[in-house]
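Student: Quick note: the sequence shown uses this note's numbering, first residue -8, plus one each step. No residue lacks a Cβ here, since even glycine has one placed at the ideal position from N, Cα and C. On a predicted model such as this, the values are computed, not experimentally measured, just so you know.
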Amino acid sequence: MTKCYHCGDECSTTAIVFDQKNFCCNGCKTVYEIFQTNDLTYYYDLQSAAGTTPLEIEGKYDFLNSDKITQRLIEFDDGTIQIVNLSIPGIHCSSCIWVLENLKKLHPGVTNSQVDFPKKMIRITYNRELVSLKELVILLARIGYEPYISLDDYDKGKSKTDRSIFYKLGVAGFAFGNIMFLSFPEYFEVGEFWLDQYKGLFRWLMFSFSLPVVFYAGSDYLTSAYKGLRSRLLNIDVPIALGILVLFLRSTFEIAFNLGSGFFDSLTGLIFFLLVGRYFQQKTYSFLSFERDYKSYFPIAVTRLNKEKKEETVQVYDIKRGDRLLIRNEELIPVDGILISNKAQIDYSFVTGESEPVQKNSGDKVFAGGRQCYGAIEIETLKSVSQSYLTQLWSNSVFEKDKTTTFQTLTDSIGKSFTITVLTIAIIAASFWMFNDSSKVLNVFTAVLIIACPCAIALAAPFTLGNMLRIFGRKKFYLKDSGVIEQLAQIDTAIFDKTGTITTTQSSAITYEGMELTAEEESLLKNTLRASNHPLSRSLYELLKEHNIETLDDYKEYTGKGVQGVKDKSDIKVGSADFVGHQQQSDYKSTAVHVSTNNLYKGRFVFHNNYREGVSEVFKNMRRYLDLAVISGDNEGEKARLEKLLPKLTPLYFNQKPTDKLNFVKELQANDKKVLMVGDGLNDAGALAQSNVGLAISENINVFSPACDGILDAVKFKYLNNYILASKKAMNIIKLCFVLSLMYNVVGLYFAVTGQLEPVIAAILMPLSSISIVAFATLATNVIGKKLN
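If you want it as structure tokens, here you go:
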């Protein structure tokens, strides 16, 4: 029997032979082929024996065989699909991200993996029937990314804090200071006898001090450059690593052959100031990440039932263990809980990508992220809400369109091209001085590699957009990610829904016209409306008198048409005139909700709309640079009023179904229009998802719409134009940052190529350039933020 080269299991007599190696199955063979194709087979060198579990982790994760323990680590489990967040301290560069986000190619049991690079976390969705958590962790360890697992830390909701930057800074600073001190005699050419006598000792002491600096403090740069090259990726650490290695080898060569004192002071100074720059960048990024984290402001709410069974709307972060929640039709379950109602149909597509609803019965556990289908249910919470989990759902890739931003692509392109250009300039400049003044070759070569790093260019977009994301969050304008800001800045057409978007349902006047409803009919109407989340349903539900809350025998919601409820063989329909089977008269042109019971038309509730504050001003200002239109599912009852309220010749479309809205956006995009769709997140969900930017207006009701790109608090609707203009200004800041970075590099390269720039000075200037870009971007965006209302 032979062992599988990849997994180490015993191969049967039908072992697969590939590349003169044995594999137990096609899965292991495929993994090896992927590593080989992408030049990543060096990962096998990390193991004590290729293809076997390293001795240091053998048996280390046996505790993951316990279901009781794994349930403390897993954040989602529907019996087949599980999701886990793991801390991976070994993540360093883009190569790491590539490997970890392609785990599904390494094991068929993994369906999705997403890396949070700043936090060094990976979120993995996998099929527990194909791979266990233990096998997943061992797979990560085998390819060089062993997770850090501490049950105590998971109980506290925290991962291990990485303090290595402090230790490396301490080592580099200590060595740099001592080497500078030992270099003073060389600087001033002191001719004292004892200094000359022990000059060799001083030089070797400097060499000794440099070793931990290069191979410990500077190890991240060397490792990142190595992995990037092996993965055929030119990252920004390549020129840095070259500068470090060239300085170290040249300095060692000089003292070994007594040719000089070398550049150990410049070398340790370079690494020290690089680490200072990295520390500053990390601290600033962490600050911005915390500040822009909209989970503290997120306007999602939920209906909680108090001890008297009265309904109250609360913010999700006010939910506590043991609370009883009402989850209406199409609402997202914000927290893990136990189902109280008899049955439920839960759609977990936001979490797993699988759209088939899962049947749940009373007493079953339901997980956060599921969307209730077919009526209202009650659950009892098992834990407080995890806002971070909800925000992960909002940007989950399973329902995300490819909206790659131009500046992200431009930054990546500049970084790659810049690295190649810098290496070319360094070689040409070194070759020139080789024939003119060989003493300047090393100085010029290292100075070019250090001074011309594209770090500042790479930082321009994320810091500018990240800070704008934070500012928008404080102004109650919540965007899915920073890329939405760029998309928002490029729009040339804005489409608005009417009901619940430019109108407010919180102050609508409602009158009833028709046959009087019996107490039983009114109770059935109340309980049917209770399950719906449509703005008109919510307004009407609040208007009706109190009735006993009962569980419906059947409930259905027809998007864009209405809702239907059944109780004790009594049937009620609420919605449009066509939906309830009523031939609407031509003079019925106001917004209305029609009612029929047991196929008998009863009457209608007429809504007298109130428009949001500042609607006219918003449309007037946006009309200056955007094409505008209003598209509504209602009839033309408000047409005359809208024509007076909005700018002249603003297109108005009525009686539009959800599919009509979606197709309208598609047609505009087919004509090269960049479309902003503003809706209420319900009947507009398709159009919101199709548009370049989809914004949902929220009146702090329990609506969560992952189909959109942003949520605007209804009280801030009148400032929508200001937010769009701020996005455009943010793009100009990025462009200015690019110009400043290029100007800095051009000036720096002139001094470097002409041999007038010492490496230690370059080592100071490089992080300072990054810091200056970060400071400029932050200050400029803050100025924009102060001008926002």
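1. Please name the residue, chosen from E512, L520, F254 and N524, that lies closest to R362 on a Cα-to-Cα basis.
2. Check whether the stretch 669 to 684 and the stretch 638 to 654 are in contact - that is, three or more C-beta pairs closer than 8 Å.
3. What does a CB cutoff of less than 7 Å around S199 pick up in its chain, not counting 5 residues either side in sequence?
4. Indicate, with yes or no, if the ligand NAP has a heavy atom lying under 8 Å from the CB of N589.
5. What are the boundary residues of the beta strand (DSSP E) that includes K95?
6. Take I140 as the anchor and find which of W195, S215, I88 and L64 has the nearest alpha-carbon.
7. At the level of alpha carbons, what is the spacing between L515 and Y710?
8. Which of the three DSSP states is assigned to N13 in this structure?
9. Could you pull out every residue in the same chain whose Cβ sits closer than 6 Å to the Cβ of V128, ignoring the five residues on either side in sequence?
10. Would V669 and I476 be called neighbours here (beta carbons separated by less than 9 Å)?
11. Per the DSSP calculation, M197 is bridged to which residue(s)?
12. How about the stretch 722 to 730 and the stretch 557 to 570: do they share at least three Cβ pairs that are nearer than 8 Å?
13. Cα separation between V621 and V597?
14. Would the beta-carbon of R595 fall within 9 Å of that of G505?
15. Looking only at its own chain, which residues have a Cβ that is under 7 Å from the Cβ of V439, when we skip the five neighbours before and after it?
16. Which same chain residues end up closer than 8 Å to K593 when comparing Cβ atoms and leaving out the 5 residues on each side of it in sequence?
17. Looking only at DSSP bridge pairs, what is R595 linked to?
18. What would DSSP say about D618, mapped onto helix, strand or coil?
19. Residue range of the alpha helix (DSSP H) that Q62 falls in?
20. Straight-line CA distance for A359 to Q350?
21. What separation, rounded to the nearest whole angstrom, lies between the Cα atoms of G553 and R632?
22. Should the stretch 650 to 665 be called in touch with the stretch 453 to 471, which here means at least 3 C-beta pairs below 8 Å?
23. Can you round the beta-carbon distance between G100 and L121 to whole angstroms, since I take them to be within the 8 Å contact cut?
24. Residue ranges of each alpha helix (DSSP H) run of no fewer than 4 residues wholly in the stretch 648 to 678, ordered along the chain?
25. Going by DSSP, what residue range makes up the alpha helix (DSSP H) through I715?
26. Name, in chain order, the residues that DSSP records as bridge partners for K351.
27. Skipping 5 residues on each side, what residues in its chain have a beta carbon closer than 6 Å to that of G491?
28. What three-state label does DSSP hand N600 in the structure shown?
29. Under 8 Å: do the stretch 604 to 621 and the stretch 539 to 553 share three or more Cβ pairs, one atom per stretch?
30. Taking the alpha carbon of K95 as the point to measure from, which residue in I115, V357, L643 and F645 has its own alpha carbon closest?
31. My assumption, with CB atoms under 8 Å, is that L617 sits in contact with T484. Please give the rounded CB distance.
32. Between the alpha carbons of P638 and G366, how many angstroms are there, rounded?
33. Just reading off the beta strand (DSSP E) that L470 is part of, what are its end residues?
34. Ordered along the chain, which non-local residues of its own chain (more than five positions away) have a Cβ less than 8 Å from that of K664?
35. Select from K635, S718, T259 and L667 the residue whose C-alpha is nearest the C-alpha of I170.
36. From the DSSP output, in three-state form, read off F610 for me.
Tutor: So, from the listed chains and residues:
1. As a first step, residue 362 must be located in the sequence shown, where it is residue number 371. Of E512, L520, F254 and N524, the residue nearest in Cα terms is N524.
2. yes
3. As a working note, residue 199 is residue 208 in the sequence shown. Here S199 has no same chain residue with a Cβ atom under 7 Å from its own Cβ, once five neighbours each way along the sequence are excluded.
4. This structure does not include the ligand NAP; it has no bound ligands of any sort.
5. Looking up residue 95 in the sequence shown gives position 104. Run containing K95: none in the beta strand (DSSP E); it sits in the alpha helix (DSSP H), L94 to L97.
6. The residue you call residue 140 lines up with position 149 of the sequence shown. Comparing Cα positions, the closest option is L64.
7. Translated into positions along the sequence shown, residue 515 becomes position 524. Translated into positions along the sequence shown, residue 710 becomes position 719. Their backbone Cα atoms lie some 41 Å apart in a straight line.
8. Here residue 13 refers to the residue found at position 22 when the sequence shown is read from its first residue. Three-state result, N13: strand.
9. Numbered from 1 along the sequence shown, position 137 holds the residue referred to as residue 128. Closer than 6 Å at the Cβ level, and outside the excluded window around V128, lie Y52 and P138.
10. One-based indexing of the sequence shown puts residue 669 at position 678. One-based indexing of the sequence shown puts residue 476 at position 485. Contact: no.
11. Stepping through the sequence shown from its first residue, residue 197 is reached at position 206. Its beta-bridge partners do not exist; DSSP assigns none.
12. no
13. Taking the first residue of the sequence shown as position 1, residue 621 is located at position 630. Taking the first residue of the sequence shown as position 1, residue 597 is located at position 606. Answer to the nearest angstrom: the Cα atoms are 21 Å apart.
14. On the sequence shown, position 604 is the one that residue 595 refers to. On the sequence shown, position 514 is the one that residue 505 refers to. Yes. Within cutoff.
15. For the purposes of this step, residue 439 is taken as residue 448 along the sequence shown, with counting starting at 1. Cβ within range, chain order: V413, I416, A417, A420, L740, A743 and V744.
16. Residue 593 sits at position 602 when you count from the first residue of the sequence shown. Cβ neighbours of K593 beyond the five flanking positions: G505, M506, L508, E512, V586 and S587.
17. Start at 1 with the first residue of the sequence shown, and residue 595 comes out as number 604. DSSP, once it has assigned bridges, lists E504 and H585 as partnering R595.
18. Locating residue 618 in the sequence shown gives position 627, where the first residue counts as 1. In the three-state reduction of the DSSP assignment, D618 falls in the strand class.
19. The residue labelled residue 62 in the question sits at position 71 within the sequence shown. D58 to L64 is the span of the alpha helix (DSSP H), which, as asked, contains Q62.
20. Counted from its first residue, the sequence shown places residue 359 at position 368. Counted from its first residue, the sequence shown places residue 350 at position 359. If you take the alpha carbons of A359 and Q350, they lie about 15 Å apart.
21. Walking along the sequence shown from the start, residue 553 turns up at place 562. Walking along the sequence shown from the start, residue 632 turns up at place 641. Rounded to the nearest angstrom, the two C-alpha atoms are 25 Å apart.
22. no
23. Here residue 100 refers to the residue found at position 109 of the sequence shown. Here residue 121 refers to the residue found at position 130 of the sequence shown. Going by Cβ atoms, the distance from G100 to L121 rounds to 3 Å, so yes, they are a contact pair.
24. 649 to 661
25. For this step, residue 715 is matched to residue 724 along the sequence shown. Element bounds for I715: L711 to V744.
26. If you number the sequence shown from 1, residue 351 lands on position 360. BP columns for K351 point to A335.
27. For this step, residue 491 is matched to residue 500 along the sequence shown. Answer for G491: P526 and D671, listed in chain order.
28. Taking the sequence shown and counting its residues from 1, the one referred to as residue 600 is at position 609. It is a strand residue.
29. The stretch 604 to 621 makes no contact with the stretch 539 to 553: fewer than 3 CB pairs, one atom from each, lie closer than 8 Å.
30. As a position in the sequence shown, residue 95 is number 104, starting the count at 1. The shortest C-alpha separation from K95 is found at I115.
31. Residue numbering aside, residue 617 sits at position 626 when the sequence shown is read from its first letter. Residue numbering aside, residue 484 sits at position 493 when the sequence shown is read from its first letter. With 8 Å as the limit, L617 and T484 qualify as a contact, their Cβ atoms being about 6 Å apart.
32. Walking along the sequence shown from the start, residue 638 turns up at place 647. Walking along the sequence shown from the start, residue 366 turns up at place 375. Using only the alpha carbons, I get a separation of about 41 Å.
33. Reading the sequence shown from its first residue, position 479 is the one you call residue 470. Its beta strand (DSSP E) spans residues F468 to L470.
34. Position 673 of the sequence shown holds residue 664. Within the same chain, K664 has close Cβ partners D483, T484 and D618.
35. Within the sequence shown, the letter at position 179 stands for residue 170. Checking every option, the nearest Cα to that of I170 belongs to T259.
36. Working through the sequence shown from its first residue, we reach residue 610 at position 619. Three-state result, F610: helix.
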